[in-house]
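Asks:
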Amino acid sequence: SILEHLENVQLCVDEARNLGCSDKSLIRLLLNTLPNDCQFLKQFIPNQTSYESFAKEVLSILGQDPESTMGEFINCRRKMCENPLAYFQRILTLYKSANCLIGDMWHNDKSHVTPIYAKYLQSLYSQAKNELRRRVENDKNFTVTSLRRHVIEVNRLALNKTNFEKESILKS
Numbered sequence: 313s314i315l316e317h318l319e320n321v322q323l324c325v326d327e328a329r330n331l332g333c334s335d336k337s338l339i340r341l342l343l344n345t346l347p348n349d350c351q352f353l354k355q356f357i358p359n360q361t362s363y364e365s366f367a368k369e370v371l372s373i374l375g376q377d378p379e380s381t382m383g384e385f386i387n388c389r390r391k392m393c394e395n396p397l398a399y400f401q402r403i404l405t406l407y408k409s410a411n412c413l414i415g416d417m418w419h420n421d422k423s424h425v426t427p428i429y430a431k432y433l434q435s436l437y438s439q440a441k442n443e444l445r446r447r448v449e450n451d452k453n454f455t456v457t458s459l460r461r462h463v464i465e466v467n468r469l470a471l472n473k474t475n476f477e478k479e480s481i482l483k484s
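Each position in the sequence shown, counted from 1, maps to that position plus 312 in our numbering.
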């Protein structure tokens, strides 16, 4: 998907920014990494001075409708035997796409964490759910960044449950 492509390019953009590349160069980087059938974007997006605004335009033209992506986010469920970290990343991507967010700056905005936390919490079995709740209650600066840290820490419990589910399926 275009969002996944933008995510992959973002890794290069962050590094290029650290090396002092201009927004114009970053826009060229994005355009040059798009498939040939997307080169028409050069004509449809007016000259942008900011990489972020250009990337948002690309997403709005090529990306999925934010309303349908939000529906996917709302209806998203953890697949049987899906690693909790993989599920967490999947709902982050859906949420990001539904809200037309670019980069990772939004991870530190407290307004985004509640729907992601609620959605992820639904996927956990009771022991991991209680542990995540306990950690979140003690978090004074609860953001997506801190939620990610808590999810990784609690994953050990969830991973044990996932492995147990896999063994049960194989035995039956």
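For each residue, glycine too, the CB sits at the ideal point set by N, CA and C. Just so it is clear, the structure is predicted and the values come from calculations on it, not from any experiment.
Let me make sure I understand the geometry here. Which of L406, R468, S423, Q355 has the alpha-carbon closest to that of E443?
Replies: Indexing the sequence shown from 1 puts residue 443 at position 131. Selected option, being the one with the closest Cα: R468.
Asks: Excluding five sequence neighbours on each side, which residues of the same chain lie with their C-beta closer than 7 Å to the C-beta of T361?
Replies: On the sequence shown, position 49 is the one that residue 361 refers to. Once the five neighbours on either side are set aside, the close Cβ partners of T361 are D335.
Asks: Confirm, please, whether the CB-CB distance from F400 to V463 is below 8 Å.
Replies: Sequence index remark: in the sequence shown, residue 463 carries index 151 (1-based). Sequence index remark: in the sequence shown, residue 400 carries index 88 (1-based). Cβ atoms of V463 and F400: closer than 8 Å.
Asks: Taking H424 as the reference, give the member of K452, T457, Q439 with the closest Cα.
Replies: Within the sequence shown, the letter at position 112 stands for residue 424. Of the candidates K452, T457, Q439, the one whose C-alpha sits nearest the C-alpha of H424 is T457.
Asks: Can you tell me which of I403, D421, M417 puts its alpha carbon nearest to the alpha carbon of L433?
Replies: For the purposes of this step, residue 433 is taken as residue 121 along the sequence shown, with counting starting at 1. Selected option, being the one with the closest Cα: I403.
Asks: Over the uninterrupted alpha helix (DSSP H) stretch that includes Y363, give me the two end residues.
Replies: Locating residue 363 in the sequence shown gives position 51, where the first residue counts as 1. From DSSP, the alpha helix (DSSP H) with Y363 extends over 363-374.
Asks: Please name the residue, chosen from A367, F454, R460, V466, that lies closest to S409 on a Cα-to-Cα basis.
Replies: Here residue 409 refers to the residue found at position 97 of the sequence shown. Looking at the Cα atoms, A367 is the closest of the given residues.
Asks: Looking only at its chain, what residues have a beta carbon closer than 8 Å to the beta carbon of E316, apart from the 5 residues adjacent to it on each side?
Replies: The residue you call residue 316 lines up with position 4 of the sequence shown. Closer than 8 Å at the Cβ level, and outside the excluded window around E316, lie T405.
Asks: So which of S435, E369, F454 has the shortest CA-CA distance to T426?
Replies: For the purposes of this step, residue 426 is taken as the residue at position 114 of the sequence shown. T426 has its Cα closest to that of F454, out of S435, E369, F454.
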